[in-house]
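J.: Before we start, here is the structure in question, set down as structure tokens.
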Amino acid sequence: MAQPTSIYTEEHEDFRAMARAFMEKEVVPHHDQWEKDGQVSREVWRKAGEAGLLCFDVDEQYGGMGVRDFRFNAIVAEEISKVGASGLGFPVHTDIIVPYISSLGTEEQKQRWLPGLVSGELISAIAMTEPGAGSDLQGIRTSAVDKGDHWVLNGSKTFISNGIMSDVVIVVARTDPDAGHMGFSLLVVEAGMAGFERGRNLDKMGLKAQDTAELFFDNVEVPKDNLLGTEGHGFIHLMENLPQERVSIACIALAACEHVLDLSLAYVKEREAFGKPIGKFQNTRFTLAEMATEVYIARTFVNDCVTKLNAGEVDASLASMAKWWTTELQKKLVDQGVQLHGGYGYMMEYPIAKAYVDSRIQTIYGGTTEIQKEIIGRALGI
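Put into structure tokens, the structure is as follows:
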């Protein structure tokens, strides 16, 4: 069957082969145990760092490879999705969080944090969401008061990916209660700071191996040297980085759609009903024909977004289009995949069942589908 035009070179495909081999050796044999543990091992983070799978866009002077080509990021996200390794927080770390430090950090901050983030010895998180403020970032109540040579941080965050294991947490805090959207700043909280506590590892419907935490800040003294970017520009910094985050989520969703299609095709060729494989029934063929068509469209769309991201041409509207459309497609296709599997699709021993529960969060985190459509609508002038 015809495939969308590839945006990947031989170098990229060599990197993909390495990433795939890493997943098969270091991740797949252990992921079931990590699901039971509620988090992956720190060892797999260090091994990923050694293999060059983390933060490859970080400059060489800080331990990275200095490769600023989002096609490599997309490959890592795709290979993680294709083996159902939903516990690995590598894309959150590499695509979303570390770029804040790379782009906003002072020379001292880069030297202090980037080498460990590249090697996997340090794990990162970003703390935006609060119990009373999800997609509405302006509803954030966590506050930081200027005490001269440090900030005093108070508040709580929830649904924080990598939250239990994180060593470096970028916290969005209100530093000027009277300045509206210009009253937010980004403060870096480090593991071990007095008053910084982690709550429970949240019991989620899916993504069981992805540690997701509540974080609490009780009079945490954050040194002034841990202010990331410009004071009062936290909201602007977030808006500047969100397009890449949303394209990253779209890459994950696309790979999940392709994985679901592969699982479904394999199953309908083997499973028999009324004396023949269920793939021979017209309804099954039509369903899979629709799935294959939509996956083709999604691959073409996401490839275009990745190409535009590399060229600096992805704006908030396009990123929102990619995020909402691919994640809603993922939700739709995985539901169809379960239906094709029949009763076995409801059994967690079948990969399609895990894909189903892991997919549901995709249309929520990174900004809900409704928020993405609002952003697009505003860009249309309505």
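Using the working numbering, the first residue of the sequence shown is number 1194, and each one after it goes up by one.
We put the CB at the ideal spot given by N, CA and C, even for glycine.
Please identify the residue among Val1338, Lys1401 and Ser1510 whose C-alpha is closest to the C-alpha of Phe1410.
T.: To locate residue 1410, count along the sequence shown from 1; it is residue 217. Cα-wise, what sits closest to Phe1410 is Val1338.
J.: If you draw a straight line from the C-alpha of Gly1535 to the C-alpha of Val1233, how long is it?
T.: On the sequence shown, residue 1535 is found 342 positions in, with the first residue counted as 1. On the sequence shown, residue 1233 is found 40 positions in, with the first residue counted as 1. Cα to Cα, Gly1535 sits roughly 31 Å from Val1233.
J.: Taking contact to mean at least 3 C-beta pairs separated by less than 8 Å, is the region 1515–1524 in contact with the region 1547–1564?
T.: A contact exists between the region 1515–1524 and the region 1547–1564.
J.: Please classify Val1291: is it buried, with 16 or more other beta-carbons within 10 angstroms of its beta-carbon, or exposed?
T.: Working through the sequence shown from its first residue, we reach residue 1291 at position 98. Flag for Val1291 reads buried.
J.: Rounded to a whole number of angstroms, what is the C-alpha to C-alpha distance between His1224 and Thr1519?
T.: Here residue 1224 refers to the residue found at position 31 of the sequence shown. Here residue 1519 refers to the residue found at position 326 of the sequence shown. Their backbone Cα atoms lie some 25 Å apart in a straight line.
J.: Would a C-beta distance cut-off of 8 Å place Glu1407 and Ala1387 closer than the cut-off?
T.: As a first step, residue 1407 must be located in the sequence shown, where it is residue number 214. As a first step, residue 1387 must be located in the sequence shown, where it is residue number 194. No.
J.: Quick check on this structure: which residue in Ala1366, Leu1307 and Phe1263 has the alpha carbon closest to the alpha carbon of Ile1316?
T.: Translated into positions along the sequence shown, residue 1316 becomes position 123. Per the Cα distances, Leu1307.
J.: Span of the alpha helix (DSSP H) holding Phe1265?
T.: Sequence index remark: in the sequence shown, residue 1265 carries index 72 (1-based). Residues Phe1263 to Lys1275.
J.: Tell me, please, whether the region 1238–1257 touches the region 1420–1433 by the rule of three or more beta-carbon pairs shorter than 8 Å.
T.: no
J.: Within its chain, find whatever has a CB closer than 7 Å to the CB of Ser1354; leave out the 5 residues flanking it on each side and keep chain order.
T.: Within the sequence shown, the letter at position 161 stands for residue 1354. Counting only Cβ-Cβ distances below 7 Å, and skipping sequence neighbours, we find Gly1282, Val1285, Ala1318, Gln1403 and Thr1405.
J.: Could you tell me the alpha carbon to alpha carbon distance between Thr1202 and Gly1356, rounded to whole angstroms?
T.: Here residue 1202 corresponds to residue number 9 of the sequence shown, with the count starting at 1. Here residue 1356 corresponds to residue number 163 of the sequence shown, with the count starting at 1. Answer to the nearest angstrom: the Cα atoms are 35 Å apart.
J.: Going by DSSP in three states, Leu1281 sits in which element: helix, strand or coil?
T.: Within the sequence shown, the letter at position 88 stands for residue 1281. Of the three classes helix, strand and coil, the one that applies to Leu1281 here is coil, per DSSP.
J.: Please report the distance separating the alpha-carbon of Gly1257 from that of Glu1463.
T.: As a working note, residue 1257 is residue 64 in the sequence shown. As a working note, residue 1463 is residue 270 in the sequence shown. Their backbone Cα atoms lie some 45 Å apart in a straight line.
J.: Taking Pro1436 as part of the alpha helix (DSSP H), name the residues at either end of that continuous run.
T.: In the sequence shown, the residue the question calls residue 1436 occupies position 243. First-last of the alpha helix (DSSP H) with Pro1436: Gly1427 to Glu1463.
J.: Taking a contact to mean a Cβ-Cβ separation below 8 Å, would you say Ser1359 touches Thr1368 in this structure?
T.: Here residue 1359 refers to the residue found at position 166 when the sequence shown is read from its first residue. Here residue 1368 refers to the residue found at position 175 when the sequence shown is read from its first residue. At least 8 Å separates the beta-carbon of Ser1359 from that of Thr1368.
J.: Considering only DSSP beta bridges, list what Ser1312 is partnered with.
T.: To locate residue 1312, count along the sequence shown from 1; it is residue 119. DSSP, once it has assigned bridges, lists no residue as partnering Ser1312.
J.: Buried or exposed: which applies to Asn1476, given that a residue is buried once 16 or more other Cβ atoms fall within 10 Å of its Cβ?
T.: For the purposes of this step, residue 1476 is taken as the residue at position 283 of the sequence shown. Exposed.
J.: Residues bridged to Ser1336 by DSSP?
T.: The residue given as residue 1336 occupies position 143 in the sequence shown. Beta-bridge pairing links Ser1336 to Asn1347 and Arg1367.
J.: Which of the three DSSP states, helix, strand or coil, is assigned to Val1291?
T.: In the sequence shown, the residue the question calls residue 1291 occupies position 98. Helix, per DSSP.
J.: Pull up the distance between the alpha-carbon of Gln1226 and that of Asp1342, whole angstroms please.
T.: Locating residue 1226 in the sequence shown gives position 33, counting from the first residue. Locating residue 1342 in the sequence shown gives position 149, counting from the first residue. Their Cα atoms are separated by approximately 45 Å.
J.: Are the C-beta atoms of Thr1561 and some chain C residue less than 8 Å apart?
T.: No chain C appears in the structure shown, which is made up of a single protein chain.
J.: Helix or strand or just coil, what does DSSP make of Ser1317?
T.: Working through the sequence shown from its first residue, we reach residue 1317 at position 124. Looking at Ser1317 - three-state DSSP - the assignment turns out to be strand.
J.: What are the boundary residues of the alpha helix (DSSP H) that Gly1577 is part of?
T.: Since the displayed the chain opens at 1194 and closes at 1575, residue 1577 lies outside it and no answer follows.
J.: Among Ile1490, Ser1457 and Val1440, which one has its Cα closest to the Cα of Val1499?
T.: Residue numbering aside, residue 1499 sits at position 306 when the sequence shown is read from its first letter. When each option's Cα is compared against that of Val1499, the closest is Val1440.
J.: Do the region 1540–1550 and the region 1468–1475 meet, that is, are 3 or more Cβ pairs less than 8 Å apart?
T.: When Cβ pairs closer than 8 Å are counted between the two stretches, the region 1540–1550 is seen not to touch the region 1468–1475, the count staying below three.
J.: I'd like to know whether the C-beta atoms of His1205 and Arg1261 end up nearer to each other than 8 Å.
T.: The count along the sequence shown starts at 1 and reaches residue 1205 at position 12. The count along the sequence shown starts at 1 and reaches residue 1261 at position 68. No. Outside cutoff.
J.: Please classify Val1381 as buried or exposed, where buried requires at least 16 other C-beta atoms within 10 Å of its C-beta.
T.: Indexing the sequence shown from 1 puts residue 1381 at position 188. It is buried - the Cβ of Val1381 has at least 16 other Cβ atoms within 10 Å.
J.: On a CA-only basis, which of Ser1513, Ala1482 and Leu1297 is nearest Cys1137? Give me that one, please.
T.: Here the chain covers residues 1194 to 1575 and nothing more, so residue 1137 does not appear.
J.: For the region 1345–1353 against the region 1206–1222, do three or more pairs of beta-carbon atoms, one drawn from each stretch, fall closer than 8 Å, so that the two count as touching?
T.: no
J.: Does the beta-carbon distance from His1421 to Leu1297 come in below 8 Å?
T.: By 1-based counting over the sequence shown, the position of residue 1421 is 228. By 1-based counting over the sequence shown, the position of residue 1297 is 104. Going by the sequence as given, residue 1421 is Leu instead of His. Yes, these two residues count as a Cβ contact at 8 Å.
J.: Keeping to the same chain, check which residues put their C-beta closer than 6 Å to that of Ala1244; ignore five residues upstream and five downstream.
T.: The residue labelled residue 1244 in the question sits at position 51 within the sequence shown. Around Ala1244: Phe1215.
J.: Starting from Ser1552, follow the alpha helix (DSSP H) in both directions and report where the run begins and ends.
T.: In the sequence shown, residue 1552 corresponds to position 359, counting from 1. From DSSP, the alpha helix (DSSP H) with Ser1552 extends over Pro1544 to Ser1552.
J.: If you measure between the beta carbons of Glu1301 and Arg1213, is that distance less than 8 Å?
T.: Your numbering for residue 1301 matches position 108 in the sequence shown. Your numbering for residue 1213 matches position 20 in the sequence shown. Inclusion of Glu1301 and Arg1213 in the CB contact set at 8 Å is not warranted, their separation being larger than that value.
J.: So what does Leu1380 bridge to, in DSSP terms?
T.: Position 187 of the sequence shown, counting from 1, holds the residue named residue 1380. DSSP output for Leu1380 lists Val1364 and Leu1420 as bridge partner(s).
J.: In terms of residues, what are the limits of the beta strand (DSSP E) holding Phe1389?
T.: By 1-based counting over the sequence shown, the position of residue 1389 is 196. First-last of the beta strand (DSSP E) with Phe1389: Phe1389 to Asn1394.
J.: Could you check how far apart the C-beta atoms of Lys1501 and Val1507 are, in whole angstroms? I think they sit under 8 Å.
T.: As a first step, residue 1501 must be located in the sequence shown, where it is residue number 308. As a first step, residue 1507 must be located in the sequence shown, where it is residue number 314. Right, the Cβ-Cβ distance comes to about 5 Å (below 8 Å), so this counts as a contact.
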